[in-house]
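J.: No gaps in the numbering here: position 74 of the sequence shown is 580 in our numbering, and each next residue is one more.
Positions of the beta carbon are idealized from the N, C-alpha and C atoms, including for glycine.
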Amino acid sequence: MTGVVAVMVRSEGTPVLRVSYANLPTGTTVRVVDWRNEPLHPAGVQGPGGTGPVIVQSQEQSETRFQTRGPGIYRVETTFQLDVSVGGNVGNRKAATGDVKVSVE
Numbered sequence: 507m508t509g510v511v512a513v514m515v516r517s518e519g520t521p522v523l524r525v526s527y528a529n530l531p532t533g534t535t536v537r538v539v540d541w542r543n544e545p546l547h548p549a550g551v552q553g554p555g556g557t558g559p560v561i562v563q564s565q566e567q568s569e570t571r572f573q574t575r576g577p578g579i580y581r582v583e584t585t586f587q588l589d590v591s592v593g594g595n596v597g598n599r600k601a602a603t604g605d606v607k608v609s610v611e
């Protein structure tokens, strides 16, 4: 399943997007792309592999900062897989929520 958050940045500079997330399944990927569909580097990461998605290692609250390329539309893509099986226990409901928040610094 993929969830997308669109972010419009109106700035003279190149602000940082702060992506906070919690309660996501382990292995979830968080990727930020610009209006040309080019991935952003997590702030402070350079070189090959620096544009890959962030892989969530635990369900604890965490955040990653991404350096923008100035004004434009950015997409925060969160992709995860749920492994759920269905049994005959009709009254056994399961529910979970995850949080993804985006802010501009």
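1) Do you know whose CA, among Val610, Val582, Thr603, Val608, lies nearest Gly509's CA?
2) Measure the Cβ-Cβ separation of Val608 and Val525 and say whether it is below 8 Å.
3) DSSP state of Gly533, grouped into three classes?
4) So, are the CB atoms of Leu530 and Arg571 less than 8 Å apart?
5) Going by DSSP in three states, Glu569 sits in which element: helix, strand or coil?
6) Is DSSP giving Pro577 helix, strand or coil here?
7) May I have the straight-line CA-CA distance separating Val538 from Gly578, to the nearest angstrom?
8) Can you name the residues that DSSP bridges to Asp605?
T.: Let me spell this out:
1) For this step, residue 509 is matched to residue 3 along the sequence shown. Nearest neighbour of Gly509 by Cα position, chosen from Val610, Val582, Thr603, Val608, turns out to be Val582.
2) Position 102 of the sequence shown, counting from 1, holds the residue named residue 608. Position 19 of the sequence shown, counting from 1, holds the residue named residue 525. A contact, by the Cβ cut-off of 8 Å.
3) Your numbering for residue 533 matches position 27 in the sequence shown. In the three-state DSSP reduction, Gly533 falls in the coil class, being neither helix nor strand.
4) Against the sequence shown, residue 530 aligns to sequence position 24. Against the sequence shown, residue 571 aligns to sequence position 65. Contact flag unset, no.
5) Taking the sequence shown and counting its residues from 1, the one referred to as residue 569 is at position 63. DSSP places Glu569 in strand when its eight states are reduced to three.
6) For this step, residue 577 is matched to residue 71 along the sequence shown. Of the three classes helix, strand and coil, the one that applies to Pro577 here is coil, per DSSP.
7) Position 32 of the sequence shown holds residue 538. Position 72 of the sequence shown holds residue 578. If you take the alpha carbons of Val538 and Gly578, they lie about 13 Å apart.
8) Here residue 605 corresponds to residue number 99 of the sequence shown, with the count starting at 1. Per DSSP, Ala528.
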